[in-house]
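Chains as they are written, first to last, in this note's numbering: chain A, 246 to 565; chain B, 132 to 336. Where is the CB? At the ideal position from N, CA and C, for every residue including glycine. To keep things clear, I will list the structure first and then write my remarks on it.
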């Protein structure tokens, strides 16, 4: 083993030394803000049953999990996400009321070798469970915008999409191939897809303009006038209403072509971007049916920051 | 400024010709020597790289846009980009090829398939619900059946002349390949106008 004396496994991230204080500062500010607003900090276990993640069909491949077989002969994984275990916690404690949880910790997802990606991610986030609809969305979005000053990044943008809009659209189009085309924003494939189907005129125009339907709030106003389907219109109006009610909305942008990163998203979806990070620095969304798995019907919404990406973006932003 | 990575070789020539046709200033590219990064007067910064490296640069946000063949995209595990435009150049296709006898041959063992594109080969047979052994070859994949290493090959076919010269035939066409314009997801958000401007110009008939 002598030759491995100084090596670390490829899965590990490099030890963080220079920026620990920055990371802790961000954490401290976030924690302060979360706790002040009634979010209870929870330290979650590092190990979870693989079946918990699989049964809930969250859209993370099993091959991304670090797994082993435990003494029961059951597969156990290192935590790959906080939302699912927190949903379980809520249900197993038989909670009935609104609950606000926040968490700080790592999640582990296997990445391909030699791609310069690490398999450990520092996350900080919240889950607001039991508060549905507009009021819940508003509280969550306000908190997101409040956290902006904690992150120390100068350039940042928060983007909102709608899983409701996406799911209704998938239902209308009713062809599996559409999902992949939209995910890839493939303008060429979209054109031939539309040409090979007999959609009515308004749907045709909608599909052709959808890949570009992102940017400031004007995108929503334009699209609202263009769609005819009542449910699509409703989904857009929800976003507009939030926008109009929220203070400090300068950073808010919208993307109607956003597809759900987690399969469990049902309502608004959130993403945070820095021009200095090739990956989103924040992800979130409403997930009102996740707890059906525990035979419960509880609305919920949450978001999480990826602090590792934020640290990298901070470094690059300073250099620039 | 949009940063672009272009696949070296055949795709580089075709993409540069297309950009020139669409009115982009390609002089600095035509007269390049050994420089690795070149800026044009249209505000494009270009690097030239091997196909898989184009994906790596895009993944890390080093470039905003990549020009790369569908063959590379199909064989890569990295899928986190927008594949926005089919340039309709560099057209060829993936195919299963072998000696004619292969068609009627009944195998009493696992078939052996040689390919440079192991993921494409695996997906193809998986979809046919067949279990095969895949052997990776880096080039001249036709050698597989010729030297008796494999029963068939999965490869990209342009004219089919190499196959023909070695007595091999196309058993089945798998999927089309052409050059794609891919875009980093975060770049699209911050450089919307510039990127759609490039798309419009490339699309313009």
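* Who are the near neighbours of residue 197(B) in its chain, counting only those whose CB is closer than 6 Å to its CB and skipping five residues on each side? -> 136, 185, 189, 313
* Interface residues of chain A around residue 255(B) at Cβ under 9 Å? -> Chain A residues near residue 255(B): none, gap ~18 Å exceeds 9 Å.
* Neighbourhood of residue 392(A) by C-beta distance below 7 Å, restricted to the same chain and skipping five residues each side -> 275, 278
* Asked: Beta carbon of residue 216(B), beta carbon of residue 333(B): below 8 Å?
  -> yes
* Could you tell me whether the Cβ of residue 315(B) comes closer than 8 Å to any Cβ of chain A? => yes
* So, is the C-beta of residue 214(B) closer than 8 Å to a C-beta in chain A? -> yes
* DSSP state of residue 163(B), grouped into three classes? -> coil
* Within 10 angstroms of its Cβ, does residue 315(B) collect 16 or more other Cβ (buried), or is it exposed? -> buried
* Identity of the residue in 243(B), 203(B), 239(B), 213(B) nearest residue 192(B) by Cα -> 213(B)
* Asked: Is residue 217(B) helix, strand or coil when you go by DSSP?
  -> strand
* To the nearest angstrom, how far is it from the Cα of residue 306(B) to the Cα of residue 203(B)? -> 13 Å
* **Cβ-based burial, residue 411(A) [other Cβ within 10 Å; buried from 16]** => buried
* Asked: Is the number of C-beta pairs between the region 362-372 of chain A and the region 256-263 of chain A that are closer than 8 Å three or more?
  -> yes
* To do: Consult DSSP for residue 180(B) and reduce its assignment to one of helix, strand or coil.
  => strand
* **Every unbroken alpha helix (DSSP H) inside the region 247-330 of chain B [4 residues or more]** => 249-258, 274-277, 292-296, 316-321
* Interfacial residues, the region 449-463 of chain A to chain B, with Cβ spacing under 9 Å -> 456, 457, 459, 460
* What is the DSSP secondary structure of residue 511(A), counted as helix, strand or coil? -> coil
* Return the chain-ordered list of same chain residues with a C-beta closer than 7 Å to the C-beta of residue 386(A), the five sequence neighbours on each side being excluded. => 487, 491
* Exposed unless 16 or more other CB atoms sit within 10 angstroms - verdict on residue 271(B) -> exposed
* Asked: Roughly how many angstroms lie between the CA atoms of residue 306(A) and residue 501(A), to the nearest whole one?
  -> 26 Å
* To do: Can you tell me which of the three DSSP states residue 208(B) falls into?
  => coil
* Counting only the same chain and skipping the five closest in sequence on each side, list residues whose C-beta sits under 7 Å from that of residue 315(A). => 321
* Asked: Per DSSP, which one or two residues make a beta bridge with residue 470(A)?
  -> Bridge partners of residue 470(A): none, in fact.
* **Contact set for residue 290(A): own chain, Cβ-Cβ below 8 Å, skip 5 residues either direction** => 324, 330
* Asked: Are there 16 or more other CB atoms within 10 angstroms of the CB of residue 265(B), so buried, or fewer, so exposed?
  -> buried
* Express the C-alpha separation of residue 379(A) and residue 209(B) in angstroms, rounding to a whole number. => 36 Å
* Residues that residue 399(A) contacts on chain B, provided the C-beta gap is smaller than 7 Å -> Neighbours of residue 399(A) on chain B: none; closest Cβ ~13 Å, over 7 Å.
* Using a Cβ-Cβ distance under 8 Å, would residue 573(A) count as near chain B? -> Residue 573(A) is absent from the model: chain A starts at 246 and stops at 565.
* To do: In the DSSP assignment, find the unbroken beta strand (DSSP E) run with residue 551(A) in it and report its ends.
  => 545-551
* Asked: What does residue 208(B) touch in chain A if you count any residue whose Cβ is under 8 Å from its own?
  -> 357
* Measure the Cβ-Cβ separation of residue 271(A) and residue 397(A) and say whether it is below 8 Å. => yes
* Asked: Is the distance from the Cβ of residue 371(A) to the Cβ of residue 284(A) below 8 Å?
  -> yes
* Asked: Quick one: is the Cβ of residue 400(A) within less than 7 Å of any heavy atom of the ligand ATP?
  -> Absence of the ligand ATP is noted for the structure shown, with no ligands found whatsoever.
* Asked: Using a C-beta cutoff of 8 Å, does residue 518(A) count as contacting chain B?
  -> yes
* Asked: What three-state label does DSSP hand residue 402(A) in the structure shown?
  -> strand
* Could you please give the first and the last residue of the uninterrupted beta strand (DSSP E) stretch that includes residue 348(A)? => 344-353
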